[in-house]
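Report on one structure; see the data block that follows.
Numbering (the numbering used here), first residue to last: 25 to 507.
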């Protein structure tokens, strides 16, 4: 694999060497002495954002329960001109989040579990899908980095790009490599682009605590987290843990393939039709292979008996937030096919109305072989208030059909091969309203030490699904140049 990645990374440079062997006219050689740099100065982009959401269809607890999540992210992007033609980019992101639903991998109150000797420390007093537990999965930090390189030909009509990427969180690692080529025609009024990316991902799987305990103890319901506590049936009565009609997971194995690979090819076409109008068309072709289900996400079957831990009196209120002390044991984790093909096709339509108004529109149609079809429409109308100040009202509409494998809480069947209760794969529509403001320092008059201010932007977006999920996003961006 190292040899393959090295070859992929070197291809642009091989192409560049071949290009440089092409004959060049005297006039072209003369103009090369006066060509403009692709990037004049080092540019630094800083972006910070805060995201918060809540809903009642948590996938970790089988499609019911709190979806409360908070995320604080920061991004640093540095573009460095290496010479007249080459630019190196460094992009780094750190995202720290707390998730109520993820915390309920282990929802049982008062529980600490020692994996090494399978001991429970403390006493289980119940759990609920509606309140965050104090488990280790409640919080995490996602880290990613991308190293990119681009080369522009002397006439600036060809651009070669390559990138390496890496991302990591506590249960997932991703490594990627990409290549791209852009060609401009017709005095740069026409642009064609092609790029390819490959991602090699690996799970470090985390499972719902009851399934993990069952596998670790080989089905012994009097050891591990179940030691000394009652398992209740649907009527709220304790079961005989040694009988034949006891709770047990539907499958005796969890993840059997910890790899996930993604291959994507992107094509784009852009044309300036007039001094006021630009149209772009793009298409992506994506293939994923490996373990594509999330091992954290529970599934409950309608044709399998239900079992609980906690307060029997609240079983009747299980799907209601008033339930604070009873939890239903999972039947299985999410199971999905080991391959998926995705195709988004879209276009952009940008129209310069006047010196103060621009209309930017975006439409995308998406389909995949899991049964999802979706439409996305985005409209942005930048309003130039002055030479330095611009407002950005935006609206985004999205809808999709359900995956072939989705069913709500307790509506999947154990006779099916694949199943999920993740509402991201359900039928839904959403609306997002946003507003932004941007200040541009045209002559970079303001400085912070060696940094000249280029622009500052502040954005707010409100997102809502018809399933009840709501989110708020606030972001602040600042761009500097080093003169």
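Cβ atoms here follow ideal geometry from the backbone N, Cα and C, with glycine treated the same way. Keep in mind that this is a model prediction, so the values were computed, not measured.
Inter-segment contact for the segment 119-130 and the segment 162-170 is present: three or more beta-carbon pairs are separated by less than 8 Å. Remark: C-beta atoms of residue 358 and residue 323 approach each other more closely than 8 Å.
Judged by DSSP secondary structure, residue 126 falls within the alpha helix (DSSP H) whose first and last residues are 124-127. Bridge pairing for residue 338: absent [DSSP]. For the set 462, 369, 228 and 477, the Cα lying nearest the Cα of residue 468 is the one of 477. According to DSSP, residue pairing for residue 308 in a beta bridge involves 290.
Secondary structure at residue 234: helix, using DSSP grouped into helix, strand and coil. A Cβ-Cβ distance of about 6 Å is found for the pair residue 91 and residue 493, placing them in contact under the 8 Å criterion.
DSSP lists 170 and 200 as the beta-bridge partner residues of residue 189. Assignment of residue 249 by DSSP, reduced to helix, strand and coil, places it in the helix class. Taking a 10 Å sphere around the C-beta of residue 354, we find 16 or more other C-beta atoms and assign the residue as buried. For residue 95, the enclosing beta strand (DSSP E) begins and ends at 93-105. The C-beta separation of residue 452 from residue 424 comes to about 7 Å, placing the pair in contact by the 8 Å criterion.
In the DSSP assignment, residue 418 forms a beta bridge with 404 and 458. In this structure, the beta-carbon distance from residue 386 to residue 402 falls below 8 Å. Under the DSSP definition of a beta bridge, residue 262 partners with 256.
The beta carbons of residue 111 and residue 188 sit no closer together than 8 Å. The beta carbons of residue 445 and residue 436 sit closer together than 8 Å. The beta carbon of residue 296 is closer than 7 Å to those of 213 and 302 in its chain, skipping five residues each way along the sequence. Bridge pairing for residue 363: 313 [DSSP].
Pairing residue 316 with residue 362 gives a Cβ-Cβ distance under 8 Å. In this structure residue 500 is exposed. Its beta-carbon is surrounded by fewer than 16 other beta-carbon atoms within 10 angstroms. By the C-beta density criterion, residue 409 is exposed, having fewer than 16 other C-beta atoms within 10 angstroms.
By the neighbour-count definition (other C-beta atoms within 10 Å, threshold 16), residue 175 is a buried residue. Ranked by Cα distance from residue 77, the options 507, 498 and 228 are led by 498. With a cutoff of 8 Å on beta-carbon distance, residue 270 and residue 286 are scored as not near each other. Residue 503 counts as buried, since at least 16 other C-beta atoms from the protein chains shown sit within 10 angstroms of its C-beta. Rounded to the nearest whole angstrom, the C-alpha separation of residue 240 and residue 229 is 15 Å. For residue 440, the number of other beta carbons within 10 angstroms of its own is below 16, and it is reported as exposed. Taken through DSSP and simplified to helix, strand or coil, residue 493 comes out as coil. Residue environment: residue 236 is assigned as buried (16 or more neighbouring CB atoms within 10 Å of its CB, all protein chains considered). Judged by DSSP secondary structure, residue 227 falls within the beta strand (DSSP E) whose first and last residues are 214-227.
According to the DSSP assignment, residue 76 belongs to the beta strand (DSSP E) that extends over 66-78. The beta carbon of residue 171 is closer than 7 Å to those of 114, 187 and 188 in its chain, skipping five residues each way along the sequence. For residue 394, the closest C-alpha among the options 447, 205, 360 and 244 is that of 360. In the DSSP assignment, the residues bridged to residue 371 are 305 and 387.
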